[in-house]
Amino acid sequence: MNHLDINQIKEIIPHRHPFLLVDYIEDYEPGQFAVGYKCVTYREDFFKGHFPQEPVMPGVLTVEALAQVGAVAILSKEENKGKIAYFGGINKCKFKGKIVPGDKVKLETRIIKAKGPMGIGEAVASVDGKVVVSAELTFMVG
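Residue numbers are given in numbering that gives the first Met the number 0: position 25 of the sequence shown equals residue 24, and the series is strictly consecutive.
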């Protein structure tokens, strides 16, 4: 297994606080897949407004976290080092549960198609083994 801590993740992808949404990578294979985690705490900035009476992680940020894990897989390839992976599209996205403070979110993105600078990843976020978000993410490397 290939592990990455937060500092190693920051060497691969350009995201920084408060928009770096991956705490560590449990395993990855450059160009193939990555499995990471987001440990959600009550202190997340977005909980101040989403929603103060019932804090829920915004779905769009969960999709972004999945994209960041996919970016680790893509940008860890030697030929992509120092580049940025951009969103090209989000398809087949389904929200099946909520993420709340205290959750440890497992983020899995597998690259299923890549041609030149473009590709597609299948992404799944889960909490305690239950899928909360799934999507197909299109990316462009530039």
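Cβ coordinates follow ideal geometry from the N, Cα and C atoms, glycine included. Note that the structure is a prediction, hence the values are computed from the model and not measured.
For residue i, count the other beta carbons within 10 Å of its own beta carbon; 16 or more makes it buried, fewer makes it exposed. Which is it?
i    : result
F50  : exposed
I119 : buried
F18  : exposed
E107 : buried
K93  : exposed
K91  : exposed
F86  : exposed
What residues match up with residue i in a beta bridge as DSSP calls it?
i    : result
F50  : F50 pairs with nothing; no bridge assigned.
A33  : Y27, T108
M56  : Paired residue(s): none; M56 is not in a bridge.
S133 : K93, V123
Between the Cα of residue i and the Cα atoms of the options, which residue gives the shortest distance?
i    : options               : result
M117 : G69, A124, E107, V123 : G69
L136 : H16, Y27, F32         : F32
E121 : P54, G88, E25         : G88
K105 : L20, V21, A124        : A124
H16  : G101, P57, F45        : F45
E28  : V99, L3, K91          : L3
Y41  : D102, K129, F138      : D102
Are the beta-carbon atoms belonging to residue i and residue j less than 8 Å from one another?
i    : j   : result
A134 : V62 : yes
G96  : V59 : no
E142 : M56 : There is no way to answer for residue 142, as the model of the chain reaches only from 0 to 141.
Only counting the same chain, and skipping five residues up and downstream in sequence, which positions put a Cβ closer than 7 Å to that of residue i?
i    : result
V140 : I73, N79, K82, A84, P116
Suppose the cutoff is 6 Å on Cβ atoms and the five residues either side in sequence are ignored; what does the same chain contact list for residue i look like?
i   : result
A66 : L136
Please list, in chain order, all residues of the same chain as residue i whose beta carbon is under 8 Å from its beta carbon, the five residues on each side excluded.
i  : result
K9 : R15, L19
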